[in-house]
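Report on the structure given below.
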Amino acid sequence: MIQSTTTTTYTGTHIYIYIYPINSMSLNNSSQDLIFFKDNSLISDKIINQETTTTTTTTASNNFHSYLSVITYNQSTSPNWLINGLIEDTLFGNATKSLNNHESYHQMKKKDIIIKNKKIMIISFLHNKEFYIKNCKRIGINLEEKEKEQQQQQFQFIDYFNDLFINLIKNPNDSVKDINKMFDNIINSLNNDSKDDVDVIIIEGVEILLFATNITSNQLIFNINRLNKKCRQLFVVSSKECLFKNNESIGVTFSFDDPMIKINDFLIKLLHRSQLNITLEPLITGRAKDITGSLTISKGCIPYDENLSISINEKEYVYHITKDSQVKLYYR
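Under my numbering, the residue at position 254 of the sequence shown is numbered 239, and the numbers go up by one with no gaps.
Right, dumping it as structure tokens:
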């Protein structure tokens, strides 16, 4: 049987899904480092260390450009390992190596933290803080230390999982004020003092608000945009299980209150304003013994500022997560 996988491409008006065969010969080659940019990085230093410039994308509320990346996945291709890599890359700047070689990371982390000294915030609607602390310990990262280190709080976690529908959202049918307040609380904590800047924010599972409350996709996008302006790099991690494929929508009666419609609209609008898109998908034939899924890196609709002089490394990988949680990646 020929193994194959799919790729999702957004053109501005349509989402196309292509099916490709996997060249099994590539799996016999040595594993590759995962890089998003041609400067061999996951998060380019040119984004994190950018200087103040004046363009239409610079807002009055900060002194840097704000960029958006969208990570979409299917239920069987959880991106937890990728989020761990982004955390590591922000704090230490070497996740492109340690994704394939955790041992080298343990030797480098003490000196690299002095160089990087960057801050990351995780906002999760799917997991609590202990989940990330435990997962990152497996690759040698002590996030509890990063919360306290040098009184800089290099790692911050916002838990919108445990008490979401107990304390934070009182009435799902009248939720907009409560949800706006949730984002207000985050944004107000990120004031305009440069010493308190958060370099990278990752928000995961926010689409649950479209499933479970009366908020619209436009109202949620508005809050995502507000959040984006408070950091240099925002990653929105969202399931794309609800995206309509091919002709699935033909003959379907739509309602704008339908969560499926709201999530489709939300994801399409996110993709429309992003600079970078990462797609994780399972094999079309299911999981193989040596392949967990595929990962595609593609350009978003909005380019990076030309003064940054960075280029996206548009590649397609297949990857395998081993029993000891190591990730092996291969060009497809």
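Even glycine gets a Cβ: it sits at the ideal position worked out from N, Cα and C. Nothing here was measured: the structure is a model prediction, and the numbers come from that model.
| said: Classify D290: buried if its beta carbon has 16 or more other beta carbons within 10 angstroms, exposed otherwise. | reply: buried
| Candidates D144, I188, Q17, E115: closest to Q218 by CA position | Of the candidates D144, I188, Q17, E115, the one whose C-alpha sits nearest the C-alpha of Q218 is I188.
| field | Beta-carbon separation (whole angstroms), N298 vs K23, contact threshold 8 angstroms | value | 5 angstroms
| task | Within the same chain, show all residues whose beta-carbon is closer than 6 angstroms to that of E192, passing over the 5 residues directly before and after it, in chain order. | result | S223, I248
| query | Distance, Cα to Cα, I282 vs T264? | reply | 7 angstroms
| query | Which stretch, first to last residue, makes up the alpha helix (DSSP H) that contains K122? | reply | 114 to 122
| task | Might you give, ordered along the chain, the residues of its own chain that have their beta carbon closer than 6 angstroms to the beta carbon of I206, omitting 5 neighbours on each side? | result | The answer, listed in chain order, is K254.
| field | Closest by C-alpha distance to L27, when choosing among V55, I124, L71 | value | L71
| Which word fits K119, buried or exposed, when buried means at least 16 other C-beta atoms lie within 10 angstroms of its C-beta? | Around the C-beta of K119, fewer than 16 other C-beta atoms lie within 10 Å, and the residue is accordingly described as exposed.
| query | Under a Cβ-count criterion, where at least 16 other Cβ atoms within 10 Å of its own Cβ denotes burial, should E73 be classed as buried or exposed? | reply | E73 is buried by the Cβ-count criterion.
| Buried or exposed: where does S64 fall if 16 or more other Cβ atoms within 10 Å of its Cβ makes it buried? | Reading off the sequence shown, one finds Pro at residue 64, where the question assumed Ser. When all chains shown are included, P64 counts as buried.
| field | Nearest-angstrom beta carbon gap, N208 and N165 [assumed within contact, 8 angstroms] | value | 7 angstroms
| Buried/exposed call for R317, threshold 16 Cβ in 10 Å | buried
| field | For K162, the three-state DSSP class (helix, strand or coil) | value | helix
| Can you list, in chain order, the residues of its chain whose CB lies under 7 angstroms from that of K114, leaving out five sequence neighbours each side? | F142, D144
| How big is the Cα-Cα spacing for D309 and N158? | 43 angstroms
| field | Where P212 falls: helix, strand or coil (DSSP) | value | This sequence places Leu at residue 212; Pro is not what is there. Reduced to three states, the DSSP call for L212 is helix.
| query | What does a CB cutoff of less than 6 angstroms around K313 pick up in its chain, not counting 5 residues either side in sequence? | reply | S16, H305
| task | Below 6 angstroms CB to CB, which residues in the same chain sit around I108 once its five sequence neighbours on both sides are set aside? | result | So the list reads I143, I188, once near-sequence residues are dropped.
| request: Assign T266 to one of three DSSP states: helix, strand, or coil. | output: One detail in the question is off: residue 266 reads as Glu in this sequence, not Thr. The answer is strand: DSSP assigns E266 an E or B state.
| Taking L261 as the reference, which of S296, I269, G278 has the closest Cα? | S296
| task | Determine the burial state of N79: buried for a count of at least 16 other Cβ atoms within 10 Å of its Cβ, exposed for fewer. | result | buried
| field | D184 (DSSP reduced to helix, strand or coil) | value | strand
| message | For D148, count the other beta carbons within 10 Å of its own beta carbon; 16 or more makes it buried, fewer makes it exposed. Which is it? | response | Only exposed fits D148, as fewer than 16 other CB atoms lie within 10 angstroms of its CB.
| field | Selection from C286, K300, N173, F150 that minimises the alpha carbon distance to L280 | value | Of the listed residues, the one whose Cα sits closest to L280 is K300.
| said: Could you compute how far the alpha carbon of V161 sits from the alpha carbon of I287? | reply: 28 angstroms
| query | Thinking C-beta only, is V221 closer than 8 angstroms to I105? | reply | Not a contact, by the Cβ cut-off of 8 angstroms.
| request: Could you tell me the distance, in whole angstroms, from the CA atom of D97 to the CA atom of T201? | output: Because the pLDDT of D97 is 46, which lies under 50, any placement of that residue in the model is unreliable, and the number read from its coordinates should be weighed accordingly. Near 43 angstroms, if we compare the C-alpha coordinates of T201 and D97.
| Status (buried if at least 16 other CB within 10 Å, exposed otherwise) for V303 | buried
| Nearest-angstrom Cβ-Cβ length linking V183 and C216, presumed shorter than 8 angstroms | 5 angstroms
| query | Where does L19 sit, in a helix, a strand or coil, going by DSSP? | reply | coil
| task | Would you kindly check if the distance between the Cβ of F251 and the Cβ of L175 is under 8 angstroms? | result | No; because the gap between Cβ atoms is not below 8 angstroms, this pair is not in contact.
| request: Would you kindly report the start and end of the unbroken alpha helix (DSSP H) that includes I246? | output: That run of the alpha helix (DSSP H) goes 244 to 257.
| For F220, three-class secondary structure by DSSP | strand
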